[in-house]
Amino acid sequence: MRGRNQQLVLDALTRSERPMGAYELLGLLRQEGLRSPLQIYRALDRLVEQGLVHRIESLSAFALCVHSECGTHGRAAFAICANCGRASEVHDPALERVLRRIARRQGFQTNSATVELSGLCEACAH
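So for the sequence shown, UniProt numbering puts the first residue at 1; every next one is plus one.
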């Protein structure tokens, strides 16, 4: 069950065509009664824990999860356009196997893994 703030943040990310930062979300949701960055960050933290939202570190932003199984394994890859800012979530079993193999070789137990590819999307490249 999601709280009101979580639902407002989730709805804003659903409407957005690109990842959004916490302060950008706050600006959008002020008219809904959200006044503090802490309210946004708490909602985002819970949505990330539930596997509904991903944090994109390189952008200091958050994106709606479009893959139903993310919440169960915490792995995702994003192709991020440096021009328009859109981020496409990509899942590839081969990449997941490589990431597991790397972790295993290092004796490392991963909780999650996010790969970020930066470049130009097809529309911006042409």
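The C-beta atom is built at its ideal place from N, Cα and C for all residues, glycine as well.
Let me confirm a value: residue 102 is counted as buried when at least 16 other C-beta atoms fall within 10 Å, else exposed. Which label applies?
Taking the sequence shown and counting its residues from 1, the one referred to as residue 102 is at position 102. Classification for residue 102: exposed.
Where do the ends of the beta strand (DSSP E) carrying residue 120 lie?
Start at 1 with the first residue of the sequence shown, and residue 120 comes out as number 120. Careful: residue 120 lies outside any beta strand (DSSP E) and carries neither H nor E.
When we look at the beta-carbon of residue 106 and count the other beta-carbons within 10 Å, is it buried (16 or more) or exposed?
Translated into positions along the sequence shown, residue 106 becomes position 106. Exposed, by the Cβ-count rule.
Thinking just about the alpha-carbon of each residue, which of 90, 115 and 21 is nearest to the one in residue 41?
Taking the sequence shown and counting its residues from 1, the one referred to as residue 41 is at position 41. That would be 21, whose Cα lies nearest to the Cα of residue 41.
Would you decide whether residue 84 is buried or exposed? Buried here means 16 or more other CB atoms lie within 10 Å of its CB.
Translated into the one-based positions of the sequence shown, residue 84 becomes position 84. By the neighbour-count rule (16 or more Cβ atoms within 10 Å), residue 84 is not buried but exposed.
Output the boundary residues of the beta strand (DSSP E) element that contains residue 75.
Translated into positions along the sequence shown, residue 75 becomes position 75. 75-81 is the span of the beta strand (DSSP E), which, as asked, contains residue 75.
What does a CB cutoff of less than 8 angstroms around residue 14 pick up in its chain, not counting 5 residues either side in sequence?
Taking the first residue of the sequence shown as 1, we reach residue 14 at position 14. Answer for residue 14: 64, listed in chain order.
Hey, residue 44 and residue 53 are a contact pair by Cβ (cut 8 angstroms); roughly how many whole angstroms apart?
Looking up residue 44 in the sequence shown gives position 44. Looking up residue 53 in the sequence shown gives position 53. Indeed they touch by this definition, with Cβ atoms about 6 angstroms apart.
In the DSSP output, what is residue 20 paired with across the bridge?
What you label residue 20 is simply residue 20 of the sequence shown in a count that begins at 1. In DSSP, residue 20 forms a bridge with 62.
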